[in-house]
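In this note's numbering, the protein residues as written are -14 to 424.
Since the structure comes first, as structure tokens, the remarks are kept for the end.
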């Protein structure tokens, strides 16, 4: 695989003449040399903006800062940058300053549903834990534009400890999602400490990390990071590819390292106007994802955050894309299309309608081809009465794992899993006497 192509080599040497592939693949070097000004962007890409455009872009950057890794910058098609999906996700647009009356600073009410700073507790059994407000790149479509890049609100260890304490004191929380910003902006040692604290909580069953590093800075996925993360299984990792062009040789290498280490991988895309709002693009994206052992998880309708109106599509476009996927490709390659409800209502699945009608005895359905068929309901179905008193339930409510370790006789005594130290025959006189004497 070609990991250091001519474009990347040229960009690296423009940054520093002595730069080589070792520098390029060093994630800290990438961060240190992130593109944060129009001048640097023009210098590294050869793209030139007019003075009028530069003034408009400056207005945008005054409110929403710029940060692009050299790696992600190298993916821009400079000959057609106005239509390039990488450019549109990475570079500022004057349309970001358009704020509609329906736009909101915090459309998902994450701050409102925050019992302690850094924690959003919306669903009964899981919490979102904001552990970083900085990213390796500032995506122009970010729903948290109000926070990301704000160096004055980067959570310190004291705030993280408050969040950890909340999780400890809330036993219904079994699932913790680390988000930000990007959690992988934290150092390996800091992540090690954070994960050790969270996974030590007895009622936490699974931890998830949401990161865009495999997309915008794949070199962050290092063997040392893998060694840290492997200590805290089960750990699930969700990433954020929006377009097939983002799946490069370097991103494939990063995904392979994560998959080979045993982490289940998922992907959350955002439906973006003039970026990926096309059935063919989305189908190609999900196919490339599953080829790299990444399960397409969600397609999000673009949120009502301020400055995102130019990215939004009608919901009908999302339905059209789902129609092009369901039945037309592998089921495990079909993500769930959701609207994250304004006001903190959570993710609402949006699907094409496959039920045409139904009566007491039949359901009328259509398939992906438009074939209409029926399903006959059972003639007699009696639901068992449930009074919701699970402790007194005498039905088949066996929720514990089956015990596979049932040694018998000498096998039981030889085993390490059973605490028995002797076998006592029935009707042993001495033991009967003990029982009768209360011994």
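We treat Cβ as the ideally placed atom computed from N, Cα and C, and that holds for glycine.
A direct Cα-Cα distance of roughly 14 Å separates residue 367 from residue 346. Taking all protein chains shown into account, residue 276 has fewer than 16 neighbouring C-beta atoms within 10 Å of its C-beta and is therefore exposed. Here the alpha carbons of residue 76 and residue 295 stand approximately 14 Å from one another. Annotation for residue 16: the continuous alpha helix (DSSP H) segment containing it runs 12 to 17. The C-beta distance from residue 262 to residue 256 rounds to 6 Å, short enough to meet the 8 Å contact threshold. In this structure, DSSP gives residue 234 a helical state, which the three-state scheme calls helix. In its chain, beyond the 5 residues on either side, 160, 161, 162, 163, 220, 221, 222 and 223 have a beta carbon closer than 8 Å to the beta carbon of residue 193.
Taking a contact to require three or more Cβ pairs closer than 8 Å, the stretch 29 to 39 and the stretch 223 to 233 do not qualify as touching. Beta-bridge pairing by DSSP links residue 314 to 311. Judged by DSSP secondary structure, residue 30 falls within the alpha helix (DSSP H) whose first and last residues are 23 to 30. Apart from sequence neighbours up to five positions away, the residues of its chain that approach residue 151 with a beta-carbon distance below 7 Å are 100, 101 and 104, ordered along the chain. Within the stretch 161 to 210, the runs of beta strand (DSSP E) that reach at least 3 residues and sit entirely inside it are, in chain order, 191 to 195. The three-state reading of DSSP puts residue 85 in coil, since its state is none of H, G, I, E or B. Here residue 127 is buried: its Cβ has 16 or more other Cβ atoms, across all protein chains shown, within 10 Å. Between residue -12 and residue 238, the C-beta gap is smaller than 9 Å, which places the two residues in contact. Under the three-state reduction of DSSP output, residue 347 falls in the strand class. C-alpha of residue 213 to C-alpha of residue 172: approximately 10 Å in a straight line. Taking the C-beta atoms as reference points, residue 322 is found nearer than 9 Å to residue 286.
With a cutoff of 9 Å on beta-carbon distance, residue 80 and residue 292 are scored as near each other.
By the Cβ-count criterion, residue 9 is buried, with 16 or more other Cβ atoms from all chains shown falling within 10 Å of its own Cβ.
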